[in-house]
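Trainee: First residue of the sequence shown? That's 98 in my numbering, and the numbers climb one at a time after it.
Once you've had a glance at the structure underneath, I'll fire off some questions.
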Amino acid sequence: EAESSRATTTSGSAPVGTIRNRSDVFFRNETARLMASALGGMSDAEVGPEPPQYVTFREAARAEMLTIRTEMTELRGLHGRATLSRFDESNDDEIQVEVTTQQITKLFRRCEARLQKFGSVPSENEADEKALQADTLSALIDDRDREVAGIVASIHELAQIMKDLSVLVIDQGTVLDRIDYNMEATAAQVTEGVKQLAKAEKKQKQGLMAVCIMFLLVAIGILVLFVVIKAITDYVKAQISGQKGEVRRGNPTTGPEYHLFAVFDGHNGDAASTFAQSSLVPVLEAYLPVPEMVEGVDGAAAWAGAVQEAMVKTLLEIDRRFAARGATGGTTATLVLQIGQLVTCASVGNSRAVLDTGAGRVALTREHVVASNPDERERLLAAGCTLARLDVAGGGPAVISSRGTGPLRVWPGGVTLSRSLGDFSVGPALLAVPHVVAVMLPPAGGRIVLASDAVWKAGVDAVLAAAAAAPAKTAAHAVLKALGPRLRGDASDDPQPIWYEDCVAEDLHQARADAPTTRWRDSYSSTASVFTKRGAARERDRL
């Protein structure tokens, strides 16, 4: 309490803040600010006035008083613990009390000295401070005058700019007037041009009929010329091949030559069958092994196996290329390759091929039809496909298959085949891997019959009976004559009549029927007889 009263008496002896000492930092800042003002405001920052000195003393005294209050609280707690201590305990608390008391005493003395120093500051520099403040205010006033003068000059420049803008606006108005005049003149000229065009069109229509007639005559002449050239070309090809409808291609490899026959029965459009027809020969020739003169059973078996592998790779490659085109639809594929006495057949779908040796008939194909092939049904079910007939509404698989309509189909996709080229909507369960059969012709040879499923359904017995006729062209016409009424029957009996007529004839033309002693000779040229038919109407009627 004595220390506090003494501090109060001391601080009350002189008024706080009546005298303010200016530090060296203050004078340096003031000098820098005045020099910047004298140089025309080149300094970016203006030095603000320093707070009064009594504020600094007050903040320091307040901080020391707060520290004293904290120490007093701590000292009170230490006194309490020292009072409760027993005689047999150590005197650590008493030592800490003495240390804290000394610290508080030092703080009181420091605060007293600060207050005495602040109250004893003389006021002899007050006149200098006022003079300095007056100089500072004069410098600030000069700065403001210069800024006002700059603003006035800017206003004058803005006024001049506005005058220039008014002149530009007047000039732009003149330009717009000229544009308006030019637009009116252009409109008048366009109106006159429209009139002239109407006159020209009228005159042109008068001679349009003559031009159209001349154009039609030229077009008819070109078409007639094209038809004549096409007929001549077909005739020459037929004379060269010995049979109309065959295309001869030489084997690029050396060794025995081959005969190739194929049927592609397309559905959901003819894109797949047409693509397979155009791709078959080059793809097959790329995979065919180079024939070699082999001796013994093992060598011949290995070479026959290589031929079978080439035909499998051919169909897989055609399917891959067709998938890369992004097209839709699908097709069956039945290939028959004859090299000497070796006949190899690879097939997917239901286009059948039969070899008639005279002593008996050999089936070269196996039908990949969902309804008639239990092995394929089991494979499709294991792959996660749905097997069902078409529902009555025609929108998808029937919920109860027995109540559906039409043959059994695989879903998704709704096709009746379990293997084909294309038909990618079904998914990977529908394979393009063919069923392959290889047989050796007897010395007397034989006759191969290929046809689409519609022909075999129309009359298997008639097809096989006609196969015994010779030559092959006669047999083909015999089949057409025997099956004609059924192929051309009512649409309610068979929704695919006339589409197969020419195709059947061409298919049967593929089985050469020369004399038994010469019809299968190794000296034949390489022949690729590939025939397709459009399946869009057939698939539409079937659905």
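Just so you know, even glycine gets a beta-carbon here, dropped at the ideal spot from N, CA and C.
Since this is a predicted model, take the numbers as computed values, not measurements.
Assuming the contact rule is C-beta atoms closer than 8 Å, T513 and V467 should be a hit. Round their C-beta distance to whole Å, please.
Mentor: That belief holds up - the Cβ atoms of T513 and V467 are roughly 6 Å apart, short of 8 Å.
Trainee: Please determine, among R516, L518, G492, L484, the residue with the shortest C-alpha to C-alpha distance to V507.
Mentor: Comparing Cα positions, the closest option is L484.
Trainee: Taking only runs that begin and end inside the region 409 to 483, name each unbroken alpha helix (DSSP H) of 4 or more residues, in chain order.
Mentor: Entirely contained in the region 409 to 483, the alpha helix (DSSP H) runs reaching 4 residues are, in chain order, 471 to 479.
Trainee: Could you compute how far the alpha carbon of G543 sits from the alpha carbon of V440?
Mentor: So the alpha carbons of these two residues sit roughly 10 Å apart.
Trainee: When burial is assigned at 16 or more other CB atoms within 10 Å of the CB, is L322 buried or exposed?
Mentor: Its Cβ having fewer than 16 others within 10 Å, L322 is exposed.
Trainee: Just grab the DSSP bridge partners of H176 for me.
Mentor: Looking at the DSSP assignment, H176 forms no beta bridge with any residue, so it has no partner.
Trainee: According to the Cβ coordinates, are L561 and R458 closer than 8 Å?
Mentor: Their beta carbons are under 8 Å apart, which means L561 touches R458 by this criterion.
Trainee: Ends of the beta strand (DSSP E) at A383?
Mentor: Premise fails: A383 lies in the alpha helix (DSSP H), 368 to 384, not in any beta strand (DSSP E).
Trainee: Beta-carbon separation of L175 and T202 under 8 Å?
Mentor: No, they are not a contact pair.
Trainee: Go ahead and label A231 buried or exposed: buried means 16 or more other beta carbons lie within 10 angstroms of its beta carbon, across all protein chains shown.
Mentor: Flag for A231 reads exposed.
Trainee: In angstroms with no decimal places, state the Cα-to-Cα distance between R463 and P540.
Mentor: Approximately 26 Å between the Cα atoms of the pair.
Trainee: Are there any heavy atoms of the ligand NAP lying less than 7 Å away from the beta-carbon of E191, as far as the coordinates show?
Mentor: For the structure depicted, the ligand NAP is absent and the ligand set is empty, with no information on it obtainable.
Trainee: Look up G402 in the DSSP assignment and say whether it is helix, strand or coil.
Mentor: It is helical.
Trainee: Suppose you measure from the CA of F205 to the CA of D225; what does that come to, to the nearest Å?
Mentor: Near 35 Å, if we compare the C-alpha coordinates of D225 and F205.
Trainee: Just to confirm before moving on: does the CB-CB distance between V360 and L477 stay below 8 Å?
Mentor: Not a contact, by the Cβ cut-off of 8 Å.
Trainee: Buried or exposed: Q607, going by 16 or more other Cβ atoms within 10 Å of its Cβ?
Mentor: A caution first: Q607 carries a pLDDT of 38, below 50, which makes its placement in the model unreliable, though a value can still be read off. Classification for Q607: buried.
Trainee: Could you tell me whether the region 399 to 411 touches the region 489 to 508, using the rule of 3 or more Cβ pairs below 8 Å?
Mentor: Result no; under three Cβ-Cβ pairs closer than 8 Å.
Trainee: Alpha carbons only, please: which of R241, L505, L314 is nearest the one belonging to R474?
Mentor: Considering only alpha carbons, the answer is L505.
Trainee: Compare the beta carbon distance of A430 and G446 with 8 Å and say whether it is the shorter of the two.
Mentor: Result yes, Cβ atoms of A430 and G446 sit closer than 8 Å.
Trainee: Just to confirm my understanding: we take V536, look at its own chain, exclude 5 residues before and 5 after, and list those with CB closer than 7 Å. What are they?
Mentor: Closer than 7 Å at the Cβ level, and outside the excluded window around V536, lie V440, L452, V459.
Trainee: Assign M306 to buried or exposed, taking buried as 16 or more other Cβ atoms, counted over all protein chains shown, within 10 Å of its Cβ.
Mentor: So M306 counts as exposed.
Trainee: Mind reading off the beta-carbon distance from L381 to A407? Whole number of angstroms is fine, and I expect it under 8 Å.
Mentor: The pair is a contact, with the Cβ atoms about 7 Å apart (cut-off 8 Å).
Trainee: T371 to L313, Cα distance in whole Å?
Mentor: Going from the Cα of T371 to the Cα of L313 covers about 32 Å.
Trainee: By Cβ distance below 8 Å, which residues in the same chain neighbour R178 in space, the five residues on each side in sequence not counted?
Mentor: Here the set comprises D190.
Trainee: Could you tell me the distance, in whole angstroms, from the CA atom of V264 to the CA atom of H253?
Mentor: Between V264 and H253, the C-alpha separation is close to 17 Å.
Trainee: Please list, in chain order, all residues of the same chain as H532 whose beta carbon is under 6 Å from its beta carbon, the five residues on each side excluded.
Mentor: S444, R463.
Trainee: Have a look at Y384, Q435, A369, A559 and flag the residue whose alpha-carbon is nearest the alpha-carbon of K410.
Mentor: Measuring from the Cα of K410, the nearest candidate turns out to be Y384.
Trainee: I believe G427 touches G519 by the beta-carbon criterion, under 8 Å. Please report the beta-carbon distance rounded to the nearest angstrom.
Mentor: Confirmed, Cβ separation roughly 3 Å.
Trainee: List the residues that DSSP assigns as beta-bridge partners of P494.
Mentor: Answer by DSSP bridge pairing, in chain order: L487.
Trainee: Does DSSP put F521 in a helix, a strand or coil?
Mentor: Three-state result, F521: coil.
Trainee: Taking 8 Å as the threshold (beta carbon to beta carbon), is D367 in contact with chain D?
Mentor: Note that chain D does not occur in the displayed structure, where there is just one protein chain.
Trainee: Where does G290 sit, in a helix, a strand or coil, going by DSSP?
Mentor: The answer is helix: DSSP assigns G290 an H, G or I state.
Trainee: Per DSSP, what kind of secondary structure is G396 in: helix, strand or coil?
Mentor: In the structure shown, G396 sits in a helix (DSSP, three-state: H, G or I).
Trainee: Run through the DSSP bridge pairs and tell me what I276 is partnered with.
Mentor: Beta-bridge pairing links I276 to no other residue.
Trainee: Can you tell me which of the three DSSP states L314 falls into?
Mentor: The answer is helix: DSSP assigns L314 an H, G or I state.
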